[in-house]
Structure formats: structure tokens, C-alpha cells
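Visitor:
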DNA sequence: CTAGTTTCGAACAATTCAGTTATAAACCAT
DNA sequence: ATGGTTTATAACTGAATTGTTCGAAACTAG
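Chains as they are written, first to last, in the numbering used here: chain A, -4 to 205; chain B, -4 to 205.
#1: Once DSSP output is grouped into helix, strand and coil, what is the label at residue 49 of chain A?
#2: Does the separation of the CB atoms of residue 22 of chain A and residue 40 of chain A fall below 8 Å?
#3: Of all Cβ atoms in chain A, is any one closer than 8 Å to the Cβ of residue 115 of chain B?
#4: Counting contacts by CB-CB distance shorter than 8 Å, is residue 168 of chain B in contact with chain A?
#5: Apart from the five residues on each side of it in sequence, which residues of its chain come closer than 6 Å, Cβ to Cβ, to residue 60 of chain B?
#6: Should the segment 159 to 173 of chain A be called in touch with the segment 166 to 173 of chain B, which here means at least 3 C-beta pairs below 8 Å?
#7: Could you list the residues in the segment 173 to 189 of chain A with a C-beta less than 7 Å from some C-beta on chain B, going in chain order?
#8: In the structure shown, what three-state DSSP assignment does residue 150 of chain B receive?
#9: Could one say the Cβ of residue 122 of chain A lies closer than 8 Å to chain B's Cβ atoms, at least one of them?
#10: Closer than 7 Å between beta carbons: that is the criterion. Which residues of the segment 78 to 103 of chain A meet it against chain B?
#11: Tell me whether the segment 181 to 199 of chain A and the segment 157 to 166 of chain B touch, counting them as touching only if at least three CB pairs, one residue from each stretch, are closer than 8 Å.
#12: Could you please give the first and the last residue of the uninterrupted alpha helix (DSSP H) stretch that includes residue 21 of chain A?
#13: In chain B, which residues lie less than 9 Å from residue 165 of chain A when you measure between Cβ atoms?
#14: Let me make sure I understand the geometry here. Which of A:154, A:14, A:134 has the alpha-carbon closest to that of residue 51 of chain A?
#15: Kindly say whether residue 203 of chain B, judged by its beta-carbon, lies nearer than 8 Å to any beta-carbon of chain A.
#16: Nearest-angstrom Cα distance between residue 112 of chain A and residue 6 of chain B?
#17: Which residues of the segment 27 to 47 of chain A have a Cβ closer than 9 Å to any Cβ of chain B? Give them in chain order.
#18: Taking Cβ positions, are residue 176 of chain B and residue 158 of chain A nearer each other than 8 Å?
#19: Skipping 5 residues on each side, what residues in its chain have a beta carbon closer than 7 Å to that of residue 11 of chain A?
#20: Relative to the C-alpha of residue 184 of chain B, which candidate in B:32, B:34, B:101 has its C-alpha closest?
#21: Answer yes or no: does any C-beta atom of chain A fall closer than 8 Å to that of residue 145 of chain B?
Pasting the structure below:
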């Protein structure tokens, strides 16, 4: 089964698409964690022959790191879109948490999140660093969106953006871990709405103070 | 009837205490997860000979389940104490989350929590069920404490106890996952305080008359 | 001290696993 | 078609892991 590549290079063409194989690797790691995955799991799940897997990607750790980075890029882009596309802060946070819940409970893949649920348990410095960086970046984005909300007059000037950003992230982590535990999407979506009600001032109208 | 107070049984006495061995097993699983733990890890970490481990506890899964139950009993008891000993709702929630942070960052053991961080990733029905039950029980306890707060006049009658209990739990999950990721205790304790400020009404005193 | 019972320590075979190595296949260029 | 290049299929090797076995050790009872 050949894959058409507009750039013709000598040698037998690959029977798999590298990017698509990584997407399958994400599914494997999401369903079995890191330590629970064997090379054969990846070979079967990615549809890549064992020698090809080693020559193209490297060992399990390298596959995981690449899968993690790919996952992080997709997730980060979608999270940024959810955060900065809407006009109101409320819609932004709702979209942010809803997106977190939806990807953590998407059909066709095991529930959970590679960065939040799996990566923190991997005892590898590079993986840990990635998870920390991803968390810091996401928190910073939420915080920035809240600051924009202040600038837009949607939030009071003394709104604790730093603390609230951390809390939005922690609430998202909680929702994601519950997704991993098997909580139904419907419940989590409702709780995501409640979370937004919690972190934002009750009145979405103008600032109460000077 | 012979009094069996004397536990003098024939045979060579054991060189380990079953309870203490389980405590060591908890440390092993906390530091390496579930799939990352080998029998030899348990043999070394628990200080129990390999044949003794199999005859006394069973296989790895059985050891994990017993460790999980022991861990859950300790944690549940301490959580209940933190929740129901203080007089004010604020002190209860603060103690609850502080306790969660402190055990998740205690010295001498890897950061994290067996029930929140490790168990959800174990693909075993019994483990999953335990994690779900533990989460439901903890949420119910928090909710009950909030209800007591309403009854004591500390919280308004329309205080959304169900949603707030869920949010306290999710915030605790977030704090715990960050502990697992390496966040320092000091930061997490501060965020725990902020979390309580978030979920409780700004005025903790009684409603002003008039 | 001897017999009986249980545990401990070392080592065992069977299985699984990771990473590599042939050998065949598919493609391009000539 | 023929040679050169890259990948796929299958099998292989060495190491790790699991669960068990066997003799020695430690304790009680008589």
C-alpha cells in the first residue's frame, strides 16, 4: 500500500504517513499510559513495522516525546483558539474548559489527556519538563486572556488574574482527571459551566468599583 | 476453650510486618506508578522475600489493591478529620485542601497521590471502581460539610453545595496533579488558600441584619 | 534433642520484551 | 531489464521478568 508523495525519492516508499502514525501513537499512549506500552503495542497500534519504528522514530521514549509534542501543538493551538476567538471573557473560559472536556472524552480514543494525566507520571526529566512548560504556557495564556478582559472593561481592575488563571487550570485538571476516571462528558460539560460561574464575577456587567 | 491471645504459632516467624510492608508498597507505587513497578521493585522496596510476597499478598495486582485500600483508609480518615474537626466551614475546607497538598508533597515519598494520580491510569476494573468510589465518597463528605455550614448559618440557604463540593474536589485534584508534576509545597499551599477564597462567599461572617 | 510447621534465600524454567539482523520487495535512474 | 536505494517482513539474540521450586533456617511441641 503505497502513499503518493509528490517528491519522488529513490527507494521503496513508506507504507505509512509519519504524522498519521504519531496520531495513532497518541491513542496507544492515552489508552495504556507510558510504562504500560510495549514496542509491540506501538508496532500494532501505529501500523509501522518494528525496524521502521526504530529507524524512523527511535525507541519508545523518543516515540512518546514526539507524540507528546504533536499532541501539545494541536492542543495548544485549539486551546488558544478557544481562548482568544470569542469576544467575552466568559465565552473564552467556557470554550477553554469545554474544549478540555471534549478532547478528554472524545470518541475513538481512551478518555484522559496525554499531558495532564499521562506525562506527569513518566519518570523522565525531558517529559517532566515538557509537562511543566505546557502547564506554564497554558496558565499564562489564560492569565493573558483575563488581563485582556480587564483592559476591555469586562473585569474589575483588581481582578486577581494570576490566582484565577491558576484556578481555571486546576479546575480543568480536575475535569480531565475525572474524564480519565470515566466520568461522562455530559456531566463534565455541566461542571465546566459551573466552573466558569465560579471564577468569574457573578455580574458580567460593568465594573462595580472605581 | 483455649485462649488464643498468645499468637505463638508453629513455624519460622515472619521477618516483616504485613502492615508496614504495605506502607512501603505504597511508596513504591507512588514513585513508579503501576505498570512501571516490577516484582523485584516490590521485593526490594517492601523488604519481603519473593516467595513470601506471592504467598502472603499474591501477585502485583493484589499488592496494589491492598496498598490502595490501606492508602484510602488512612487518607479518608485524615480527610474526614480535617473536614469535620474545625468549627468553621472555611477552616474545614482549608484543612481539607492543605491536607491534600501536604500528603501529596510529603518528604520521604514521591510527590502525588495513589488514588488521584496513579489509580485512574490502571486499566483494571476493580481499581477503577475503587477510584470512583473514593472520589464519590470524598465529594459527598465535602458536600455534607457544606450542608452543615448552611445549617449553622455560616452559608446562605441557597449556597450551591453540590456544585461547590465538586469544585473543591476538582481544585484539589489540580493541586495534587501539580504536586506530582513537581510544584513546590509552598506554592500549592498558597493556591489552596486561594481556592478556599474562591469557593466560599467573600463574607464568612453572619449575614448583616436588615 | 527430635519431629513438625512455616518462612527465608537462592536459584530455576518459561515467558515476554527490546533492539538488531538478514532477506525480500518496491521504487527510481539508466 | 539492470543496478542502486530505501523500506517491509520475518526471524533472531540477549536481557529482563514472572511465578515457582528446593533446601536451609527458625520456631514450637513433646
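Even for Gly, the Cβ is constructed at its ideal location relative to N, Cα and C. Just so you know, these numbers come straight off a predicted model, no measurement behind them.
Guide: Based on what the coordinates show:
#1: helix
#2: yes
#3: yes
#4: yes
#5: none
#6: yes
#7: 175, 176, 177, 186, 189
#8: coil
#9: no
#10: none
#11: yes
#12: 13 to 27
#13: 165, 166, 167, 168, 169, 170, 172, 173, 186, 190
#14: A:14
#15: Residue placement at residue 203 of chain B is poorly supported in this model, since its pLDDT is 45, which falls under 50; the coordinates still yield a value, given next. No, no contact with chain A.
#16: 46 Å
#17: 27, 28, 29, 30, 31, 32
#18: no
#19: 42, 43
#20: B:101
#21: no
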